[in-house]
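When we follow the working numbering, the leftmost residue of the sequence shown carries the number 557, and every step to the right adds one. For reference, the structure discussed in these notes is given below.
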Amino acid sequence: MQPRMTMRTMLEGTHPAEPVAWLRFIVRELWVSWRFVGGDVSSAVVPPLLFIGAASGHHGLGAGEVLGALGRGLLYFWLFAYAFGLSNQLVGVEEDRVNKPHRPLVRGEVSVRGTRWRWVACMTLLTLVGWAFGVWEWALAWQVIIVVHNEVGGAKRWWAKNLLIALGVVTQLAAAWELVGPLTPVTWRWIGVLASVVFLLVSLQDLRDLEGDRASGRKTFPLVFGEKPTRYVLGTLFGLLPLVLHEVLMKPLGLTSAVVACDAALAVVSWVIAARVVGWRTRSEDHRTYLLFTYWYCLALLSTIVVL
557 MQPRMTMRTM LEGTHPAEPV AWLRFIVREL WVSWRFVGGD VSSAVVPPLL
607 FIGAASGHHG LGAGEVLGAL GRGLLYFWLF AYAFGLSNQL VGVEEDRVNK
657 PHRPLVRGEV SVRGTRWRWV ACMTLLTLVG WAFGVWEWAL AWQVIIVVHN
707 EVGGAKRWWA KNLLIALGVV TQLAAAWELV GPLTPVTWRW IGVLASVVFL
757 LVSLQDLRDL EGDRASGRKT FPLVFGEKPT RYVLGTLFGL LPLVLHEVLM
807 KPLGLTSAVV ACDAALAVVS WVIAARVVGW RTRSEDHRTY LLFTYWYCLA
857 LLSTIVVL
């Protein structure tokens, strides 16, 4: 006869191991999420956190409230980036073998099936977190963009890809501000201008991915119009960008020393990008130039903390 298993003995037999197993599971999943999200932190996580900082200052939040808003923002925008990264890499494995062989699916660090389940879980969590934080409409709009961009194949045409990413900027920044307070006309002007900038200039990222995009049948801007014309178009637009930002965003705020400093810093970075996109033409340099564009985006949103 086997000894009777009591509740106490069951707990004593399983309780010590369960926290360890859960801890390992959580650490493993955090590491997996980093592998999918790490390359997008400077474009999908840091910028909205900076905009939360601007909203916090605008609405006069105290230190504790700011930390709470940033904590909510970190959770929401990590899921925001993770949901996109999972879906994007699921449909782009063959392309990534050429363009981004370091990605986890290509390296076999995770399975396709496991990645698909993570995507379903992440989309569900994003919906729930968006609802809990009062930004559910922006969470749902972003999820529609993810599906159209990746699952439906919108990213295969340059104009659709650029438009969807620009609309993604709207959902990103609007949610960031509304995690703190209601949107204002000035806030909408900044969101609209930055989304328009992204629509016109995000094709910069396609210059580094020409080989893989061509192999996968994508119709990106450089592949449709040619690499050399694309470089000159983008160089011209980046060269003109500081003038547009000055007239549309900075000048209406009044040319205080803080506004002028932000205006000048953004202009310098924009002109460096303009020079690089025309003069530095290797794949590695194109990658660095695109990263510089993401830093320009961060700097633009950092400036909102000062000027709004």
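Quick reminder that beta carbons are idealized off the backbone N, C-alpha and C, glycines included.
From what residue to what residue does the alpha helix (DSSP H) around residue i run?
i: histidine 614; result: 602-614
i: methionine 679; result: 668-689
i: valine 863; result: 839-863
i: proline 634; result: Checking the displayed sequence, the identity of residue 634 turns out to be tryptophan instead of proline. Looking at the DSSP string, the run of the alpha helix (DSSP H) that includes tryptophan 634 is 619-647.
i: tryptophan 692; result: 692-702
i: valine 662; result: 660-663
Whole angstroms are fine: how far does the CA of residue j sit from the CA of residue i?
i: valine 649; j: alanine 731; result: 30 Å
i: leucine 567; j: valine 758; result: Confidence in leucine 567 is poor, its pLDDT being 34 and thus under 50, which makes the residue's placement too unreliable to answer from.
i: threonine 860; j: threonine 743; result: 9 Å
i: leucine 756; j: arginine 580; result: 44 Å
i: valine 588; j: leucine 682; result: 17 Å
i: tryptophan 852; j: arginine 663; result: 31 Å
i: leucine 822; j: alanine 856; result: 7 Å
i: valine 862; j: valine 593; result: 28 Å
i: valine 576; j: arginine 659; result: 28 Å
i: valine 676; j: glycine 768; result: 27 Å
i: leucine 606; j: valine 666; result: 32 Å
i: serine 840; j: arginine 764; result: 7 Å
i: glycine 586; j: leucine 635; result: The residue you asked about is not glycine; residue 586 is leucine in the sequence shown. The alpha-carbon atoms of leucine 586 and leucine 635 are separated by roughly 11 Å.
i: glycine 569; j: valine 583; result: At glycine 569 the pLDDT is 41, less than 50, meaning the model places this residue with poor confidence; the figure from the coordinates comes in the next sentence. Cα to Cα, the separation comes out at about 23 Å.
i: glutamine 761; j: glycine 748; result: 21 Å
i: arginine 672; j: glutamine 699; result: 15 Å
i: valine 601; j: valine 780; result: 31 Å
i: leucine 729; j: glycine 737; result: 12 Å
i: cysteine 818; j: glycine 835; result: 26 Å
i: glycine 616; j: alanine 697; result: 29 Å
Thinking residue i and residue j are a contact (beta carbons under 8 Å), I'd like their distance in whole angstroms, please.
i: serine 643; j: isoleucine 701; result: That pair is no contact at about 10 Å.
i: leucine 720; j: glycine 710; result: 5 Å
i: isoleucine 608; j: leucine 735; result: 6 Å
i: glutamate 783; j: leucine 766; result: 7 Å
i: phenylalanine 777; j: alanine 830; result: Not quite, the Cβ-Cβ distance comes to about 16 Å (not below 8 Å), so this is no contact.
i: valine 800; j: methionine 806; result: In fact, because the Cβ distance is near 10 Å, the residues do not count as touching under 8 Å.
i: alanine 599; j: threonine 786; result: The residue you asked about is not alanine; residue 599 is serine in the sequence shown. Going by Cβ atoms, the distance from serine 599 to threonine 786 rounds to 20 Å, so no, they are not a contact pair.
i: valine 825; j: leucine 790; result: The pair is not a contact, with the Cβ atoms about 14 Å apart (cut-off 8 Å).
i: leucine 646; j: aspartate 652; result: Contact doesn't hold; Cβ gap of about 10 Å is too wide.
i: proline 603; j: cysteine 854; result: 5 Å
i: valine 754; j: valine 708; result: No, valine 754 and valine 708 are not in contact; Cβ-Cβ is about 20 Å, not under 8 Å.
Per DSSP, which one or two residues make a beta bridge with residue i?
i: arginine 713; result: Lys775
Q | Whole alpha helix (DSSP H) elements within the stretch 733-816, 4-residue minimum | A | Those alpha helix (DSSP H) runs which fall completely within the stretch 733-816 and span 4+ residues are 741-757, 766-772, 777-781, 783-801.
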